[in-house]
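Step one of this worksheet: look at the structure below.
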Amino acid sequence: MAQHTNWSTNERILIAIGGRPEDRRLIDAIIQQIHAPQQTWITLIHYMVPLYWEHGVIPDEPEGLEELNAEEAQMETDEEAAAEEAKAHLSALRNTLIKAGIPAEHIQERLDWDAPDTAQALLRELREGAYTVLAVGKHHHDFLTRFLHQSLADYLRKHAPEGVTVWVVPV
51 MAQHTNWSTN ERILIAIGGR PEDRRLIDAI IQQIHAPQQT WITLIHYMVP
101 LYWEHGVIPD EPEGLEELNA EEAQMETDEE AAAEEAKAHL SALRNTLIKA
151 GIPAEHIQER LDWDAPDTAQ ALLRELREGA YTVLAVGKHH HDFLTRFLHQ
201 SLADYLRKHA PEGVTVWVVP V
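This note's numbering puts the first residue of the sequence shown at 51, with every later residue one more than the last.
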């Protein structure tokens with residue numbers, strides 16, 4: 051991991067949050083690198099893995115339709131609970147950033163349900179925002195390395211907009 055120290059003013063940092071205890075250590079490590087908190091803007095983004103996929107087939111029988119409706123209602127309840135848990139986690143991390151001197155109005159929180167995976171969610175947000183830094187925790191890095199034989203950081207460095215520093219934080 052390349053050290054990224056002495057961040058300048060007007061940094062726009064996108065932080066990939068995974069809903070894990072390591073996220074707090076990720077935030078703490080980033081705070082240590084911020085030298086001008088009043089001129090720093092941060093977006094916390096959490097990619098929400100869809101809990102269930104759509105069935106694609108609607109049954110003809112009333113019993114099958116009732117069962118499908120019950121399953122869909124349970125899916126919606128489960129996804130709402132997951133979203134509320136993620137929002138509470140982001141809020142706690144936001145409070146840590148505020149305590150470190152980042153103005154509350156400089157912090158955004160995003161949940162992404164629409165992208166096919168974490169990498170695509172981050173790349174879309176990088177394209178839509180004017181970020182200078184993308185920070186990901188090593189837990190993101192290691193997980194994808196096992197499955198893709200390429201780290202998330204490597205993939206993001208290859209596809210991120212020009213001028214964005216991808217920083218892997220060893221948490």
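Note that CB positions come from ideal geometry on N, CA and C, so glycine has one too. Everything numeric in this text was worked out from a predicted model, so none of it was measured.
- Within the segment 81-149, the complete alpha helix (DSSP H) segments at least 4 residues long are 112-149, listed from N- to C-terminus.
- Closest in alpha carbon position to A79, among E175, K188, G114, E134, is K188.
- For T215, the enclosing beta strand (DSSP E) covers residues 215-219.
- Collapsing the DSSP output to three states places E212 in coil.
- Counted as a single uninterrupted DSSP element, the alpha helix (DSSP H) harbouring Q170 occupies residues 168-178.
- When the beta-carbon positions are compared, L64 and Y181 come within less than 8 Å of each other.
- As computed with DSSP, Q158 is found in a beta bridge with T93.
- The three-state reading of DSSP puts A66 in strand, counting E and B together.
- Of the residues G68, H96, E117, V214, the one whose Cα lies closest to the Cα of R177 is V214.
- Secondary structure note for G151: it is in no beta strand (DSSP E), with a DSSP letter that is neither H nor E.
- DSSP places A185 in the uninterrupted beta strand (DSSP E) bounded by 183-187.
- By the criterion of a C-beta distance shorter than 6 Å, W91 is surrounded in its chain by R62, H156, once the five residues flanking it on both sides are discounted.
- Cβ-Cβ separation between I95 and A66: approximately 6 Å, consistent with a contact (criterion under 8 Å).
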